[in-house]
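180 is the number that the UniProt record's numbering gives to position 180 of the sequence shown; each next residue is one higher, with no gaps.
In what follows, a single structure is set out as structure tokens and then discussed.
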Amino acid sequence: MPLGKILPTEITVTSEEKSLTTLSNGEEIYFRQPGRVRLIFGTGKDEGTGQFYLTNQRAVWIADATEGEKAGWHIDFYHITCHAVAKANSFDGQTQDCIYCQLDNEEEDYYEMRVIPTEGTATTLSTLYKAFCDVAEMNPDPEEEGEGDFIFNEEEVNGNIQRMLRQIYTECLTGELRHQLRKDNLTMKRLEGTKMKTKKQTLKEETNCRESTIRGGQVAE
Numbered sequence: 001m002p003l004g005k006i007l008p009t010e011i012t013v014t015s016e017e018k019s020l021t022t023l024s025n026g027e028e029i030y031f032r033q034p035g036r037v038r039l040i041f042g043t044g045k046d047e048g049t050g051q052f053y054l055t056n057q058r059a060v061w062i063a064d065a066t067e068g069e070k071a072g073w074h075i076d077f078y079h080i081t082c083h084a085v086a087k088a089n090s091f092d093g094q095t096q097d098c099i100y101c102q103l104d105n106e107e108e109d110y111y112e113m114r115v116i117p118t119e120g121t122a123t124t125l126s127t128l129y130k131a132f133c134d135v136a137e138m139n140p141d142p143e144e145e146g147e148g149d150f151i152f153n154e155e156e157v158n159g160n161i162q163r164m165l166r167q168i169y170t171e172c173l174t175g176e177l178r179h180q181l182r183k184d185n186l187t188m189k190r191l192e193g194t195k196m197k198t199k200k201q202t203l204k205e206e207t208n209c210r211e212s213t214i215r216g217g218q219v220a221e
């Protein structure tokens, strides 16, 4: 399956070649997992067993059984966004612990990868996990490189932070006071409206009372 720029990438080797012998400029084999390793992509794309390598630049898996010219897969390590030890019961049908990797890839079938040693013990998996961690440190995210190279004055930075905090506090306090003043103003208007209404009602009642008294007096005469 031609993947182009989609990762991981298929490896093409001769049928006689069953180990990693082709390395790019400056690349070295850092770790080779003893025994056979099963490779699974996505939720269940089982590639079978093979040899697994970590170089100082990439992860490489070479299949035991070669189908045509396809011999395995490799992925540049900075495209492995995270890796962790996953227990066997984390996945349906899996009976062994593994190294679980998330890949920087939008292809649905290849967004995650499981590296499952078929031989060895928990110590074997722990050693493989440490090798993953070591190579990850050798290949930091290109977007994060240089983030630790900034030179700054600690006192100046702390002073700026304190000023920002005071400004935020003042703005929040001012906002609360404005909100309370608006609330109090609305309350006063409501109260004034109520008083005015009461006065009008009182005057009307007094007027009605006088008119009734006068009419009553006239009737009495």
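Every residue, glycine too, gets a C-beta built ideally from N, C-alpha and C.
Smallest Cα separation from residue i: which of the options?
{"i": "residue 245", "options": "76, 98 and 65", "result": "The structure shown does not extend to residue 245, since the chain is modelled only from 1 through 221, so no value can be given for it."}
{"i": "residue 78", "options": "139, 161 and 99", "result": "139"}
{"i": "residue 96", "options": "37, 136 and 82", "result": "37"}
{"i": "residue 124", "options": "33, 71, 163 and 74", "result": "33"}
{"i": "residue 141", "options": "81, 24, 56 and 27", "result": "81"}
{"i": "residue 57", "options": "87, 31 and 161", "result": "31"}
{"i": "residue 24", "options": "39, 74 and 46", "result": "74"}
{"i": "residue 22", "options": "71, 46, 47 and 131", "result": "71"}
{"i": "residue 132", "options": "29, 83 and 65", "result": "83"}
{"i": "residue 122", "options": "167, 88 and 65", "result": "88"}
{"i": "residue 29", "options": "90, 115 and 135", "result": "135"}
Can the beta-carbon of residue i be found less than 7 Å from the beta-carbon of residue j?
{"i": "residue 60", "j": "residue 20", "result": "yes"}
{"i": "residue 50", "j": "residue 62", "result": "yes"}
{"i": "residue 113", "j": "residue 98", "result": "no"}
{"i": "residue 52", "j": "residue 110", "result": "no"}
{"i": "residue 39", "j": "residue 27", "result": "no"}
Closer than 6 Å: is that where the CB of residue i sits relative to any heavy atom of the ligand ADP?
{"i": "residue 101", "result": "In the structure on display, the ligand ADP does not appear, and there are no ligands present to speak of."}
So what does DSSP say about residue i, is it helix, strand or coil?
{"i": "residue 116", "result": "strand"}
{"i": "residue 52", "result": "strand"}
{"i": "residue 78", "result": "helix"}
{"i": "residue 102", "result": "strand"}
{"i": "residue 30", "result": "strand"}
{"i": "residue 46", "result": "strand"}
{"i": "residue 134", "result": "helix"}
{"i": "residue 36", "result": "coil"}
{"i": "residue 195", "result": "Per-residue confidence for residue 195 stands at a pLDDT of 48, beneath the threshold of 50, marking its modelled position as unreliable; no derived number is given."}
Less than 8 Å between the CB atoms is what I'm expecting for residue i and residue j, so what's the real figure, rounded?
{"i": "residue 35", "j": "residue 120", "result": "6 Å"}
{"i": "residue 128", "j": "residue 117", "result": "6 Å"}
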